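K.L.:
First the structure, which I've put down as structure tokens, then a few questions once you've had a look.
There are 2 protein chains.
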Amino acid sequence: MGTVNAAAPRPMRSDAQRNYDRILEVASAAFAEKGVLTSLDDIACRAGVGPGTLYRHFPSRDCLIAAALGESLGRLDALAGRLKASDDPGAALDEWLLAVANHLRTYDNLPESIAEAFRTEDSPLRASCRPLTETTSLLVRRAKEAGAIRADVEPLDIFALVSSVAWASQRRGDSDAGLRRMLALATTGIR
Amino acid sequence: MGTVNAAAPRPMRSDAQRNYDRILEVASAAFAEKGVLTSLDDIACRAGVGPGTLYRHFPSRDCLIAAALGESLGRLDALAGRLKASDDPGAALDEWLLAVANHLRTYDNLPESIAEAFRTEDSPLRASCRPLTETTSLLVRRAKEAGAIRADVEPLDIFALVSSVAWASQRRGDSDAGLRRMLALATTGIR
DNA sequence: ACCTGAACACCGTTCAAGT
DNA sequence: ACCTGAACACCGTTCAAGT
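Sequences listed follow chains H and F, in order.
Letter by letter, the first sequence follows residues 75 to 265 in the numbering used here.
Letter by letter, the second sequence follows residues 75 to 265 in the numbering used here.
Right, dumping it as structure tokens:
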């Protein structure tokens with residue numbers, strides 16, 4: 075479930091597939107428990123494989139993080155589909171930005187890792203954000219056309235704003251309501 | 075210059091003082107060059123002391139960071155004095171928040187370290203922010219009384235907002251103008 | 001083709017031995 | 001009183017040897 079590349083070039087050997095799945099499962103649990111900076115050795119160990127096997131399947135930490143985000147990305151994709159069909163562009167954008175902020179909070183320290191990934195061209199974690207930024211651009215354009223937000227704000231600025239709110243609310247340990255409040259406060263300026 | 079504790083209990087032995095100064099000097103340079111997460115061993119080595127000596131003077135990384143921020147904190151303190159005497163509370167708050175954001179950007183990864191420090195009660199780095207949050211509270215109160223900003227925003231929320239903007243603009247490698255723009259965008263909601 | 005785990009480099013932190 | 005640096009634990013990453 076949730077393979078990032080839907081078009082896999084060739085099937086894995088069955089033992090390799092088992093290892094892949096097991097590593098991903100353990101990694102998701104570890105990220106959820108201790109954040110994305112948790113020890114990779116520890117993940118390999120808990121998955122019952124050597125560190126080399128983990129590196130073979132996921133050449134970098136970002137690779138593993140991107141894979142572990144599969145489920146959340148799937149949910150966002152479904153939401154994007156619905157919101158693109160909405161007839162209230164302003165409300166659609168609001169709902170979308172909240173969902174993106176929550177996605178960025180999926181794991182502790184994820185906002186930092188993603189922001190870092192945006193500084194390198196070919197990061198897999200950055201690639202995983204591609205659908206997010208594209209949908210954001212689209213919904214921002216619609217909201218502008220509907221006059222719901224200012225015409226002079228760039229989608230990337232909005233994405234940065236949402237990232238920063240996600241970061242701050244995660245660092246403060248905010249509740250869902252806290253995130254909502256701060257996001258509303260920070261995005262007033264785009265209207 | 076810029077000792078955090080102005081009331082030192084007793085003078086250091088002269089060789090200890092020399093080491094202290096040298097470590098702080100090297101650390102400031104290293105933080106400026108590679109960010110606050112740079113290797114402490116490396117700092118000790120460049121300062122010509124053993125790692126134990128560094129730990130004796132600065133028991134934690136946060137201690138060393140707080141000490142290295144002395145100069146910037148001094149400048150902020152001077153600015154605070156001037157702004158408290160201003161007769162335009164709205165403009166004073168704006169200028170202050172920009173200065174705080176710039177302070178938080180002094181070193182790479184500083185916003186993260188400070189946000190983390192706020193999660194522990196007795197962190198020296200958190201203590202170093204005490205004057206900042208107090209001045210912020212005062213200027214926020216004045217701005218409210220003058221009707222320059224909304225009455226229902228908490229000073230701590232504003233501090234969080236400024237931190238998050240500092241974080242994002244640092245991650246994006248924004249220029250001074252970029253920071254200004256994003257700060258203005260993010261703080262529109264408080265008015 | 002894939003896995004294993006030893007090996008290396010690096011870092012934070014402590015502490016016994018020195019002066 | 002302070003410094004030194006060896007020592008330990010831990011982690012990321014690679015790679016030669018296996019199956």
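By construction, the Cβ of each residue, glycine as well, lies at the ideal position given by its N, Cα and C atoms.
Because the structure is a prediction, the values reported are computed rather than measured.
(1) How long is the line joining the alpha carbons of residue 94/F and residue 237/F, rounded to whole angstroms?
(2) Any chance you could list the alpha helix (DSSP H) runs of at least 4 consecutive residues sitting entirely within the stretch 88 to 145 of chain H, in chain order?
(3) Indicate the three-state DSSP secondary structure (helix, strand or coil) for residue 223/F in the structure shown.
(4) Taking just the CA atoms, how far does residue 263/F sit from residue 258/H?
(5) Flag this pair as yes or no: are the beta carbons of residue 181/H and residue 247/H separated by less than 7 Å?
(6) Along chain H, in chain order, which residues have C-beta atoms closer than 8 Å to that of residue 221/F?
(7) Determine the extent of the alpha helix (DSSP H) in which residue 162/F is found, giving its start and end residues.
(8) Is residue 245/F buried or exposed, if buried means 16 or more other CB atoms sit within 10 Å of its CB?
(9) Check each candidate in 214/F, 235/F, 206/F and name the one with the smallest Cα separation from residue 152/F.
(10) Are the beta-carbon atoms belonging to residue 150/H and residue 177/H less than 7 Å from one another?
(11) Residue 96/H and residue 121/H look like a contact to me (Cβ under 8 Å); what is the Cβ gap, rounded to whole Å?
(12) Would you mind stating whether residue 217/F and residue 167/F have Cβ atoms separated by less than 7 Å?
(13) Can you give the beta carbon distance from residue 175/F to residue 253/F, rounded, assuming they're within the 8 Å contact cut?
(14) Enumerate in chain order the residues of its own chain whose CB-to-CB distance from residue 127/H is below 8 Å, with the five nearest sequence positions on each side excluded.
(15) Whose Cβ in chain F lies nearer than 8 Å to the Cβ of residue 22/H?
(16) Does the distance from the CB of residue 211/H to the CB of residue 136/H come in under 7 Å?
(17) Answer with yes or no whether the minimum CB distance from residue 259/F to chain H is below 7 Å.
(18) On a CA-only basis, which of 164/F, 249/F, 148/F is nearest residue 215/F? Give me that one, please.
(19) The alpha helix (DSSP H) with residue 254/F in it runs from where to where?
(20) Using Cβ-Cβ distances below 8 Å, what residues of the stretch 182 to 215 of chain H are close to chain F?
(21) Here's the rule: buried if 16 or more other CB atoms are within 10 angstroms of the residue's CB, otherwise exposed. What is residue 85/F?
(22) For residue 136/H, which residues in chain F fall below 7 Å Cβ to Cβ?
(23) Between residue 130/H and chain F, is any beta-carbon pair separated by less than 7 Å?
(24) Out of 114/H, 90/H, 251/H, state which residue places its alpha-carbon closest to the alpha-carbon of residue 100/H.
(25) CB residue 260/H to CB residue 185/H, shorter than 7 Å?
(26) Check whether the Cβ atoms of residue 140/F and residue 202/F lie closer than 7 Å to each other.
(27) Of all the options 224/H, 213/H, 234/H, which has the alpha carbon lying nearest to the alpha carbon of residue 155/H?
(28) So, is the C-beta of residue 175/F closer than 7 Å to a C-beta in chain H?
(29) Hey, how far is the Cα of residue 143/H from the Cα of residue 125/F?
P.N.:
On the basis of the data shown:
(1) Here the question's residue 94/F lines up with position 20 in the second sequence. Here the question's residue 237/F lines up with position 163 in the second sequence. Computed Cα separation, rounded: 30 Å.
(2) Fully enclosed alpha helix (DSSP H) runs of 4 or longer: 88 to 108, 114 to 120, 125 to 131, 135 to 142.
(3) Position 149 of the second sequence, counted from the start, is the residue given in the question as residue 223/F. Assigned with DSSP and collapsed to three states, residue 223/F falls in coil, not helix or strand.
(4) Along the first sequence, read from residue 1 onward, the residue named residue 258/H stands at position 184. Along the second sequence, read from residue 1 onward, the residue named residue 263/F stands at position 189. Rounded to the nearest angstrom, the two C-alpha atoms are 8 Å apart.
(5) Position 107 of the first sequence, counted from the first residue, corresponds to residue 181/H. Position 173 of the first sequence, counted from the first residue, corresponds to residue 247/H. No, the pair does not count as a contact, with Cβ atoms beyond the cut-off.
(6) Sequence index remark: in the second sequence, residue 221/F carries index 147 (1-based). Chain H residues near residue 221/F: none, gap ~17 Å exceeds 8 Å.
(7) Along the second sequence, read from residue 1 onward, the residue named residue 162/F stands at position 88. Segment: none, residue 162/F is in no alpha helix (DSSP H) and carries neither H nor E.
(8) For this step, residue 245/F is matched to residue 171 along the second sequence. With a 10 Å radius around the Cβ and a threshold of 16 neighbouring Cβ atoms, residue 245/F comes out buried.
(9) Numbered from 1 along the second sequence, position 78 holds the residue referred to as residue 152/F. Nearest neighbour of residue 152/F by Cα position, chosen from 214/F, 235/F, 206/F, turns out to be 206/F.
(10) On the first sequence, position 76 is the one that residue 150/H refers to. On the first sequence, position 103 is the one that residue 177/H refers to. Result yes, Cβ atoms of residue 150/H and residue 177/H sit closer than 7 Å.
(11) Along the first sequence, read from residue 1 onward, the residue named residue 96/H stands at position 22. Along the first sequence, read from residue 1 onward, the residue named residue 121/H stands at position 47. Contact flag correct, Cβ pair sits at about 5 Å.
(12) Within the second sequence, numbered from 1, the residue matching residue 217/F stands at position 143. Within the second sequence, numbered from 1, the residue matching residue 167/F stands at position 93. By the CB criterion at 7 Å, residue 217/F and residue 167/F fall inside the cutoff.
(13) Here residue 175/F refers to the residue found at position 101 when the second sequence is read from its first residue. Here residue 253/F refers to the residue found at position 179 when the second sequence is read from its first residue. The beta-carbon separation of residue 175/F and residue 253/F, rounded to 6 Å, stays under the 8 Å limit for a contact.
(14) By one-based count along the first sequence, residue 127/H stands at place 53. Excluding positions up to five away in sequence, the list reads 93, 97, 118.
(15) Outside the displayed range of chain H (75 to 265) lies residue 22/H, so it cannot be described from this structure.
(16) Taking the first residue of the first sequence as 1, we reach residue 211/H at position 137. Taking the first residue of the first sequence as 1, we reach residue 136/H at position 62. No. Outside cutoff.
(17) By 1-based counting over the second sequence, the position of residue 259/F is 185. It does; some Cβ of chain H falls within 7 Å.
(18) Within the second sequence, numbered from 1, the residue matching residue 215/F stands at position 141. Selected option, being the one with the closest Cα: 164/F.
(19) Looking up residue 254/F in the second sequence gives position 180. Counting along the chain, the alpha helix (DSSP H) containing residue 254/F begins and ends at 250 to 261.
(20) The residues in question are 186, 189, 190, 192, 193.
(21) Translated into the one-based positions of the second sequence, residue 85/F becomes position 11. Answer is exposed; the Cβ neighbour count stays below 16.
(22) The count along the first sequence starts at 1 and reaches residue 136/H at position 62. The CB of residue 136/H never comes closer than 7 Å to any CB in chain F; the least such distance is about 15 Å.
(23) For the purposes of this step, residue 130/H is identified with residue 56 of the first sequence, where counting begins at 1. No, no contact with chain F.
(24) Reading the first sequence from its first residue, position 26 is the one you call residue 100/H. Cα-wise, what sits closest to residue 100/H is 114/H.
(25) For the purposes of this step, residue 260/H is identified with residue 186 of the first sequence, where counting begins at 1. For the purposes of this step, residue 185/H is identified with residue 111 of the first sequence, where counting begins at 1. Contact flag unset, no.
(26) Within the second sequence, residue 140/F is the residue found at index 66, counting from 1. Within the second sequence, residue 202/F is the residue found at index 128, counting from 1. Contact: yes.
(27) The residue labelled residue 155/H in the question sits at position 81 within the first sequence. Ranking 224/H, 213/H, 234/H by Cα distance to residue 155/H puts 213/H first.
(28) As a position in the second sequence, residue 175/F is number 101, starting the count at 1. Residue 175/F does not count as touching chain H.
(29) The residue given as residue 143/H occupies position 69 in the first sequence. The residue given as residue 125/F occupies position 51 in the second sequence. When only Cα atoms are considered, residue 143/H and residue 125/F end up about 40 Å apart.
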